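A.B. asks:
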Amino acid sequence: MIQSMTGYGKHIIQLPTKKITVEIKSLNSKNLDLNTRIPSSYREKELTIRNLLAKSLTRGKVDFNLFIEMTGEATNTKVNEAVVQEYIAQLKNVVAGDETELLKMAVRMPDALKTEREEIDDNEFAEILKAVTIALQEINTYRSDEGNVLKNDFLERIDTIEKLLTEVATIDGERMDNVRERLRNAVSEIKERVDENRFEQELIYYLEKYDITEEKVRLENHLNYFREAINSDDSNGKKLGFITQEIGREINTIGSKSNFAPMQQLVVQMKDELEKIKEQALNVL
1 MIQSMTGYGK HIIQLPTKKI TVEIKSLNSK NLDLNTRIPS SYREKELTIR NLLAKSLTRG
61 KVDFNLFIEM TGEATNTKVN EAVVQEYIAQ LKNVVAGDET ELLKMAVRMP DALKTEREEI
121 DDNEFAEILK AVTIALQEIN TYRSDEGNVL KNDFLERIDT IEKLLTEVAT IDGERMDNVR
181 ERLRNAVSEI KERVDENRFE QELIYYLEKY DITEEKVRLE NHLNYFREAI NSDDSNGKKL
241 GFITQEIGRE INTIGSKSNF APMQQLVVQM KDELEKIKEQ ALNVL
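Residue numbers for the sequence shown follow UniProt numbering, so the first one is 1 and each next one is one higher.
Have a look at this one:
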């Protein structure tokens with residue numbers, strides 16, 4: 001089952017004094033491009049979180065956000081009383097004023113407030129990891145749902161290419177007759193006696209040159225291989241990309257050999273379907 005690299009997951013937990021929100025977004029990328037936004041108090045745990053994310057999300061441009069909102073009475077920011085008192089004393093030497101007004105000025109001075117570093121509580125971090133795990137489950141479910149949509153679209157377009165290939169095979173006989181007739185007309189316009197044996201040899205050479213039997217067989221095989229890959233247990237967008245390159249190579253060869261307008265029109269339609277597959281395949285994990 002294929003997965004899309006586009007996804008979103010979010011989980012919120014409420015602790016006695018904190019509201020913790022975990023949010024994960026992902027878009028397509030050739031490799032894992034992981035960006036994290038984590039409060040400074042949890043920076044020492046960033047590697048643990050990154051490893052957890054990398055293990056679950058193997059590819060994609062991933063943005064991880066951890067938001068901490070204080071909801072209780074506890075706070076890490078304290079008034080630096082000694083510094084504030086010193087500021088007030090200095091201000092009194094400069095200007096006479098109300099104590100309240102001097103206090104308002106003092107608390108806006110540098111170092112008037114201090115933030116005490118809070119030690120990470122193991123139980124609290126365990127809850128955060130649970131939230132990350134749940135958010136990862138959500139984003140992977142999102143990716144699987146998106147992958148299922150992509151799968152249906154891919155199979156529909158592969159079927160369309162196969163139907164066009166059938167039409168190519170149907171008109172192939174007419175195309176070869178057309179090539180043979182054009183060669184005969186070209187020779188007759190020369191108005192010179194032509195060795196029939198030599199002409200037949202040249203005719204066979206050109207007919208073999210324009211023959212697309214091998215390309216039709218290989219293209220059919222590539223289409224079936226694409227179906228097998230898309231229905232396999234693992235999601236492999238790079239593998240699908242390689243197969244589409246092979247499909248494109250056979251379609252291009254058929255187009256270059258066709259030398260027949262109705263067949264070239266079918267080739268253009270196949271190329272159009274394949275380009276849409278290639279574009280969407282870039283988003284497959």
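Glycine included, C-beta positions come from ideal geometry on N, C-alpha and C. All values derive from a computational prediction rather than experimental measurement.
Name the two residues that bound the continuous beta strand (DSSP E) containing ILE13.
C.D. replies: Counted from its first residue, the sequence shown places residue 13 at position 13. Its beta strand (DSSP E) spans residues 7–14.
A.B. asks: Which residues in the same chain as VAL132 place their Cβ atom closer than 7 Å to its Cβ, once the five residues preceding and following it in sequence are excluded?
C.D. replies: Mapped onto the sequence shown, residue 132 falls at position 132. For VAL132, where only same-chain residues beyond five positions count, the Cβ hits under 7 Å are VAL22, ILE49, LEU52.
A.B. asks: Going by DSSP, which residues form a beta bridge with SER26?
C.D. replies: Position 26 of the sequence shown holds residue 26. BP columns for SER26 point to GLY7, VAL62.
A.B. asks: By how many angstroms is the C-alpha of GLU208 removed from the C-alpha of GLN3?
C.D. replies: In the sequence shown, the residue the question calls residue 3 occupies position 3. In the sequence shown, the residue the question calls residue 208 occupies position 208. Those two C-alpha atoms are separated by around 43 Å.
A.B. asks: Just how far apart, CA to CA, sit MET105 and GLY9?
C.D. replies: Stepping through the sequence shown from its first residue, residue 105 is reached at position 105. Stepping through the sequence shown from its first residue, residue 9 is reached at position 9. Each residue's Cα considered, the two are about 45 Å apart.
A.B. asks: Under three-state DSSP, which class holds THR71?
C.D. replies: The residue you call residue 71 lines up with position 71 of the sequence shown. DSSP places THR71 in coil when its eight states are reduced to three.
A.B. asks: Please give the ranges of any beta strand (DSSP E) in the segment 79–133, keeping only runs that are unbroken, at least 3 residues long and fully inside the region.
C.D. replies: Listed in chain order, the complete beta strand (DSSP E) runs (minimum 3 residues) inside the segment 79–133 are 113–115.
A.B. asks: I'd like to check one pair, VAL95 with ALA112: are the Cβ atoms closer than 7 Å?
C.D. replies: Locating residue 112 in the sequence shown gives position 112, where the first residue counts as 1. Locating residue 95 in the sequence shown gives position 95, where the first residue counts as 1. No.
A.B. asks: Please report the residue range of the alpha helix (DSSP H) in which THR253 lies.
C.D. replies: To locate residue 253, count along the sequence shown from 1; it is residue 253. Residues 237–258.
A.B. asks: Would the beta-carbon of THR244 fall within 7 Å of that of ILE277?
C.D. replies: To locate residue 244, count along the sequence shown from 1; it is residue 244. To locate residue 277, count along the sequence shown from 1; it is residue 277. Against a cut-off of 7 Å, the Cβ pair of ILE277 and THR244 comes out as a contact.
A.B. asks: Whole angstroms are fine: how far does the CA of GLN137 sit from the CA of HIS222?
C.D. replies: Against the sequence shown, residue 222 aligns to sequence position 222. Against the sequence shown, residue 137 aligns to sequence position 137. Their backbone Cα atoms lie some 34 Å apart in a straight line.
A.B. asks: Give the DSSP-derived three-state secondary structure of ILE38 in the structure shown.
C.D. replies: Locating residue 38 in the sequence shown gives position 38, counting from the first residue. Coil at ILE38, not helix or strand.
A.B. asks: Could you name the residues of the same chain whose beta carbon sits closer than 8 Å to that of GLY147, not counting the 5 residues immediately before and after it, in chain order?
C.D. replies: Taking the first residue of the sequence shown as 1, we reach residue 147 at position 147. These residues qualify, in order along the chain: MET1, ILE2, GLN3, SER4, SER235, VAL284, LEU285.
A.B. asks: Measure the CB-CB distance between THR71 and LYS19 and report whether it falls below 7 Å.
C.D. replies: As a working note, residue 71 is residue 71 in the sequence shown. As a working note, residue 19 is residue 19 in the sequence shown. It is a contact, given that the beta carbons lie within the stated cut-off.
A.B. asks: Give every residue of the same chain whose Cβ lies closer than 8 Å to the Cβ of GLY97, excluding the five residues on either side of it in the sequence, and list them in chain order.
C.D. replies: Walking along the sequence shown from the start, residue 97 turns up at place 97. Result list for GLY97: LEU91, in chain order.
A.B. asks: Name the two residues that bound the continuous alpha helix (DSSP H) containing ASN224.
C.D. replies: Counting from one through the sequence shown, the residue named residue 224 turns up at place 224. First-last of the alpha helix (DSSP H) with ASN224: 213–230.
A.B. asks: With a threshold of 16 other CB atoms inside 10 Å of the CB of LEU282, please say whether the residue is buried or exposed.
C.D. replies: Residue numbering aside, residue 282 sits at position 282 when the sequence shown is read from its first letter. Looking at its Cβ environment, which holds fewer than 16 other Cβ atoms inside 10 Å, LEU282 is exposed.
A.B. asks: Mind checking who LYS19 pairs with in its DSSP beta bridge?
C.D. replies: Translated into positions along the sequence shown, residue 19 becomes position 19. Looking at the DSSP assignment, LYS19 forms a beta bridge with GLN14, GLU69.
A.B. asks: Among residues of its own chain, excluding the 5 on either side of LEU164, which ones have a beta-carbon nearer than 7 Å to its beta-carbon?
C.D. replies: Here residue 164 corresponds to residue number 164 of the sequence shown, with the count starting at 1. Excluding residues within five positions, the ones whose Cβ falls inside 7 Å are LEU266, GLN269, MET270.
A.B. asks: Can you give me the C-alpha to C-alpha distance between LYS25 and GLU124, rounded to a whole angstrom?
C.D. replies: Stepping through the sequence shown from its first residue, residue 25 is reached at position 25. Stepping through the sequence shown from its first residue, residue 124 is reached at position 124. Looking at the two C-alpha atoms, the distance is approximately 23 Å.
A.B. asks: GLY173: buried (16+ other C-beta within 10 angstroms of its C-beta) or exposed?
C.D. replies: On the sequence shown, residue 173 is found 173 positions in, with the first residue counted as 1. Its Cβ having fewer than 16 others within 10 Å, GLY173 is exposed.
A.B. asks: Can the beta-carbon of residue 286 be found closer than 7 Å to that of TYR210?
C.D. replies: Missing from the structure shown is residue 286; the chain here goes from 1 to 285 and no further.
A.B. asks: Using CA coordinates, which residue listed in ASN140, ARG184, ILE128 is at the minimum distance from ASN68?
C.D. replies: Taking the first residue of the sequence shown as position 1, residue 68 is located at position 68. The residue asked about is misnamed: residue 68 is Ile in this sequence, not Asn. With distances taken between Cα atoms, ILE68 lies closest to ILE128.
A.B. asks: Closest to ILE13 by C-alpha separation, out of GLN280, LEU66, ASN31, LYS30, would be which residue?
C.D. replies: For the purposes of this step, residue 13 is identified with residue 13 of the sequence shown, where counting begins at 1. Selected option, being the one with the closest Cα: LEU66.
A.B. asks: Assign ALA135 to one of two classes, buried (16 or more other C-beta atoms within 10 Å of its C-beta) or exposed (fewer than that).
C.D. replies: Reading the sequence shown from its first residue, position 135 is the one you call residue 135. Answer is buried; the Cβ neighbour count reaches 16.
A.B. asks: What are the boundary residues of the alpha helix (DSSP H) that includes GLU46?
C.D. replies: Translated into the one-based positions of the sequence shown, residue 46 becomes position 46. Element bounds for GLU46: 46–56.
A.B. asks: Do ARG59 and LEU102 count as a contact pair if the criterion is CB distance below 7 Å?
C.D. replies: Taking the first residue of the sequence shown as position 1, residue 102 is located at position 102. Taking the first residue of the sequence shown as position 1, residue 59 is located at position 59. Their beta carbons are not under 7 Å apart, which means LEU102 does not touch ARG59 by this criterion.
A.B. asks: Look up VAL284 in the DSSP assignment and give the residues it is bridged to.
C.D. replies: The residue you call residue 284 lines up with position 284 of the sequence shown. In the DSSP output, where bridge partners are listed per residue, VAL284 has SER4.
A.B. asks: Keeping to the same chain, check which residues put their C-beta closer than 7 Å to that of GLU250; ignore five residues upstream and five downstream.
C.D. replies: Here residue 250 is taken as the residue at index 250 of the sequence shown, counted from 1. Closer than 7 Å at the Cβ level, and outside the excluded window around GLU250, lie GLU215, ARG218, LEU219, HIS222.
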